[in-house]
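In order, the protein sequences belong to chains U and D.
Heads up, our numbering is the position in the first sequence plus 606, with the first residue counted as 1.
Counted from 1, the second sequence has number 4 at position 22 by our numbering; the numbering is strictly sequential.
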Amino acid sequence: KAGVTQTPRYLIKTRGQQVTLSCSPISGHRSVSWYQQTPGQGLQFLFEYFSETQRNKGNFPGRFSGRQFSNSRSEMNVSTLELGDSALYLCASSRTSGSRETQYFGPGTRLLVL
Amino acid sequence: QKEVEQNSGPLSVPEGAIASLNCTYSDRVSQSFFWYRQYSGKSPELIMSIYSNGDKEDGRFTAQLNKASQYVSLLIRDSQPSDSATYLCAVRNSGNTPLVFGKGTRLSVIA
């Protein structure tokens, strides 16, 4: 079974630009979560989508948004990029809802904002 | 504010020794606990999940959970240089709540 895929893998943008990242979950997985990872802050939860609906949201500004499509693929968008948005953005998918849900991570998109 | 705490390390152990990684969490109603391994420049990889008090073994890895004391640990037996990585502890409260991650413990296994 193919794992979680993320595109692009690397991205360089300048301040003020916007960016869209894509995530394709493992086949059959309906939940997709997004995280930002930086050396100082560790893994921070951005949001989670389940069946095209945002189910949970982390403590990030409104510049960060996402959506999920009917095939469970998800995109996240960051508008008006800031230098501090440079990070590894990770997508994770999981199959079922409930307390025993297990997340599997994609390879990540490394974003550098200049 | 739900928190998951881990010693950042580095934790250095000689090859063949047992590495012990610890994690404490603040939310008493947490139900699901996970250990992920992350190599430098790579994404986290799931090693173990544990839901009930006690030990759970999988190969060289043993996860230990003590809900009364609010800690979960990971033991790695016969540590190998290839085990050198950052180990992330993650905790889920219940139902559909998001995972909360610790900042990770960096493990270095010395040959």
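Even glycine gets a Cβ: it sits at the ideal position worked out from N, Cα and C.
Close beta carbons around phenylalanine 16 (chain D), own chain, < 6 angstroms, minus the five adjacent residues each side:
These residues qualify, in order along the chain: Ser31, Ala72.
Going by beta-carbon coordinates alone, are serine 55 (chain D) and asparagine 4 (chain D) separated by less than 9 angstroms?
Going by C-beta atoms, serine 55 (chain D) is nearer than 9 angstroms to asparagine 4 (chain D).
Proximity to leucine 652 (chain U) [Cα-Cα], best of U:Gln660, U:Trp640, U:Tyr710, U:Pro713
Selection U:Gln660, U:Trp640, U:Tyr710, U:Pro713 evaluated against leucine 652 (chain U) yields U:Trp640 as nearest (Cα-Cα).
Within the same chain, show all residues whose beta-carbon is closer than 7 angstroms to that of threonine 6 (chain D), passing over the 5 residues directly before and after it, in chain order.
Closer than 7 angstroms at the Cβ level, and outside the excluded window around threonine 6 (chain D), lie Glu(-13), Gln52, Tyr53.
Please list, in chain order, all residues of the same chain as threonine 593 (chain U) whose beta carbon is under 8 angstroms from its beta carbon, the five residues on each side excluded.
Residue 593 (chain U) is absent from the structure shown; chain U starts at 607 and stops at 720.
Rounding to the nearest angstrom, what Cα-Cα distance links serine 90 (chain D) and phenylalanine 711 (chain U) in this structure?
Taking the straight line from one Cα to the other gives about 23 angstroms.
State the CB to CB distance for the pair arginine 19 (chain D) and isoleucine 29 (chain D), rounded to an integer number of angstroms; the pair is presumed to be in contact (CB under 8 angstroms).
Yes, they are in contact, since the Cβ atoms of arginine 19 (chain D) and isoleucine 29 (chain D) sit about 5 angstroms apart, within 8 angstroms.
Give me the residue from D:Gly86, D:Arg74, D:Leu(-7) with the minimum Cα distance to lysine 49 (chain D).
Nearest of D:Gly86, D:Arg74, D:Leu(-7) to lysine 49 (chain D), Cα basis: D:Arg74.
Distance between threonine 644 (chain U) and glutamate 688 (chain U) (C-alpha atoms, nearest Å)
One C-alpha to the other measures close to 14 angstroms.
Whose CA, out of U:Gly714, U:Asn683, U:Val719, U:Leu720, lies closest to the CA of lysine 24 (chain D)?
Checked all of U:Gly714, U:Asn683, U:Val719, U:Leu720; the closest Cα to lysine 24 (chain D) is U:Gly714.
So, is the C-beta of proline -8 (chain D) closer than 9 angstroms to a C-beta in chain U?
Answer no: the Cβ-Cβ gap between proline -8 (chain D) and chain U never drops below 9 angstroms.
When DSSP labels each residue in this structure, what does serine 699 (chain U) get in the three-state scheme?
DSSP places serine 699 (chain U) in strand when its eight states are reduced to three.
Excluding the 5 residues flanking aspartate 37 (chain D) on each side, which residues of the same chain have their C-beta closer than 6 angstroms to its C-beta?
Cβ neighbours of aspartate 37 (chain D) within its own chain (closer than 6 angstroms, five residues either side excluded): Thr44, Gln46.
Please classify glutamate 707 (chain U) as buried or exposed, where buried requires at least 16 neighbouring CB atoms within 10 angstroms.
Buried is the call here.
Own chain residues within Cβ distance below 6 angstroms of alanine 93 (chain D), not counting five before or after:
Residues of the same chain with a CB within less than 6 angstroms of the CB of alanine 93 (chain D), apart from the 5 flanking positions on each side, are Glu(-3), Pro63 in chain order.
Interface residues of chain U around threonine 87 (chain D) at Cβ under 7 angstroms?
Close partners of threonine 87 (chain D) in chain U (Cβ separation under 7 angstroms) are lacking, with about 11 angstroms as the shortest Cβ gap.
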